[in-house]
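Notes to accompany the following structure.
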Amino acid sequence: MSENVRLSHSSATMFADCSMKWKYWYKDKLRPKTQSAALLFGTAVDRGVGAILQPDEKQTAESIFGYFWRFQEVNGKKTYLPTCKDIVYSNTDYDAELLHQEDIDKLKEEYKIEDPIMEIYQLYQYKDKVGFDHLPDEQKVLLNHANWLSLYRKGLLMLDAVKTEIMPNVEEVLGVQEFVKLENQDGDSVIGYVDFVCRWKGYNKPVVFDFKTSSIEYNKDSVVISPQLSLYVNALHEKYDTRYAGYLVLNKNVRKNKTKVCKVCSFKNEGTNHKTCNNMVDGQRCNSEWDIKIDPKIWVQIIVDEINEVVENNVIDNMDWINKSIKSGLFHRNMSSCIKYNGKVKCAFYDKCYKGTDEGLQKPEDKINESQ
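Numbering-wise, our numbering puts 262 at position 273 of the sequence shown, and it's gapless, one number per residue.
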């Protein structure tokens, strides 16, 4: 008799994307040697946001975010993230304009370089030619540290955006990181943690929310078609008498809100693209340098919609199909998901499927306990 299957939303999503990938990950316990920064950063932000929703008198949201953005498990081991070379960042994670002087000074001191911004700029150009994997370890560490610092600044801006853009719309917090479990008649289950449920301004029923950090704008129909939110609503609609769900998306592409003031005549630029001051002084153009300042803000995308019961039932049926496939040992390769994002991202198991090698993969000795 086969064992009951216990899935998380993320593992079900992986199975739907490629069931062979799911087998490698959950059955064979293979892991890529590198880890995406997006997952680690999202976890740290979630922790900080949780502290805003449920304030802790002993720790601030910023300090909690800071801790989890410094220390998390990578390949099953607690790791100091800032200088870890086994983390893969996106090019959009780095933004030199967000770094504070203390960040630049830290890079100067630790890596003995006079101009960290120029050094990192040149390093990025080199990385784009040869690939991150072909960089020497010391260059990987420098590049990752700069990315880490940039995301640290973005994370703090995100927490500020939650306080100023989201919390004023929250009339009452009803639940935070609420555990949900859906079980079918065969004893198989899907589990998850709902970020928070609240009474939201303008709605007569509570809203089941999930926080996301993203570099791209979410589609306006993303809530309606979300399997994750459909599962959450299915689990909680009786408790909270609601079918409303939503995404709160914190965009990682920071809006700079730049202002330019002439260093000589104090003329303020009103949005033109002139490289030097275009103010006319005594009949002549000033042409002096701008003093450029930024007021960075996070764009918060708020999407709330009602989950359709038809979609919800389809999601539940799909979960049952996934459970049955796992029990039957039916795994296949989805060749369409091997390379994504216009050829920029390969599946972690690409070489295993196409070359029959485990290079770049490992079985961590100290495995993190995680549900399938």
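For every residue, glycine included, the Cβ atom is placed at its ideal position computed from N, Cα and C. Everything numeric in this text was worked out from a predicted model, so none of it was measured.
The alpha helix (DSSP H) runs lying completely inside the stretch 215 to 276 and spanning 4 residues or more are 216 to 229, given in chain order. Burial state of residue 204 is exposed, judged by a 10 Å Cβ sphere holding fewer than 16 other Cβ atoms. For residue 283, no alpha helix (DSSP H) segment is defined, and its DSSP state is neither H nor E.
Assigned with DSSP and collapsed to three states, residue 181 falls in strand. Rounded to whole angstroms, the separation of the alpha carbons of residue 148 and residue 351 is 35 Å. When secondary structure is reduced to three states using DSSP, residue 28 falls in the helix class.
Listed as beta-bridge partners of residue -4 by DSSP are 179.
In the structure shown, the three-state DSSP call for residue 75 is coil. For residue 86, the closest of 62, 107, 73 by C-alpha to C-alpha distance is 107.
By the neighbour-count criterion, in which a residue is buried when 16 or more other Cβ atoms sit within 10 angstroms of its Cβ, residue 189 is buried. In the three-state reduction of the DSSP assignment, residue 211 falls in the coil class. Closest option to residue 341, judged by alpha-carbon separation, among 3, -8, 19: 19. For residue 305, the uninterrupted alpha helix (DSSP H) segment begins and ends at 298 to 317. Distance between residue 116 and residue 257, taken at the CA atoms: about 38 Å. DSSP lists 179 as the bridge partner or partners of residue 171.
In this structure, residue 311 sits near residue 4, with a CB-CB distance shorter than 8 Å. Here DSSP, grouped into helix, strand and coil, assigns residue 153 to helix. Around the beta carbon of residue 239, 16 or more other beta carbons lie within 10 angstroms, which makes this residue buried.
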